[in-house]
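These notes concern the structure reproduced below.
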Amino acid sequence: MSYPFREALLDTSVVVKWFVPEEDSERALSLRSAQEERQLQLYAPEVLLMELANALRYSSEFSTGEIAGALETPFELNMLLIPFSLDALNSAVALSLEHSMAVYDAYFLALAQALEMPLITADRKMLSRLTSEHGAVDLKDL
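Just so we're aligned: 179 in this note's numbering is position 72 of the sequence shown, and the numbers increase by one with no gaps anywhere.
Here is the structure:
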């Protein structure tokens, strides 16, 4: 599959779909395959690891060991994990106030904007508050 970008930042709603079969999991797995095949370079903030662990913890399907294995996946795929940025957090606060969204969701968008790349998300609530000009791309549209 080809994409209209070579680099993208993923939010947790996409990465969870690599492990939990749900709507658009195939599209998420396609992005993962593109990263494995070096067709794309995927990025994520380091906080994604904590959010992923939390999401899988609340799914009754995963043991502690399986969650630990899932947390290795971004490293195994050579995704680039972006360290915490206070500048991105300050931008996220402004975005969250402007678009009535949670700061932790806005952090992913602020980081993608700072890196000048799209944010791929499956978070419909977030997407309902934004336009394409903000840089958020709906996973279902890929």
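Backbone N, C-alpha and C fix where the C-beta goes; we use that ideal spot for every residue, glycine too.
9 Å Cβ cutoff met for residue i and residue j
| i | j | result |
| --- | --- | --- |
| Leu249 | Leu116 | no |
Other residues of its chain near residue i: CB distance less than 6 Å, five sequence neighbours each side excluded
| i | result |
| --- | --- |
| Ala162 | Val123 |
| Thr228 | Asp118, Ser120 and Ala243 |
Residue i versus residue j: straight-line alpha-carbon distance, rounded
| i | j | result |
| --- | --- | --- |
| Met224 | Asp194 | 17 Å |
| Ser137 | Val244 | 15 Å |
| Lys232 | Leu184 | 28 Å |
| Val121 | Ser132 | 8 Å |
| Glu168 | Glu129 | 13 Å |
| Pro111 | Gln142 | 14 Å |
Top-ranked residue by Cα proximity to residue i, from the options
| i | options | result |
| --- | --- | --- |
| Pro152 | Glu168, Phe182, Leu202 and Ser137 | Phe182 |
| Arg113 | Pro190, Leu188, Thr238 and Leu226 | Leu226 |
| Pro190 | Glu143, Tyr214 and Gly242 | Tyr214 |
Close beta carbons around residue i, own chain, < 7 Å, minus the five adjacent residues each side
| i | result |
| --- | --- |
| Ser166 | Val127 |
Sheet register partners of residue i (DSSP bridge)
| i | result |
| --- | --- |
| Val244 | Ile227 |
| Gln148 | Glu114 |
Cβ neighbours of residue i in the same chain (closer than 8 Å, five flanking residues each side left out)
| i | result |
| --- | --- |
| Val210 | Leu196, Ala199, Val200 and Ser203 |
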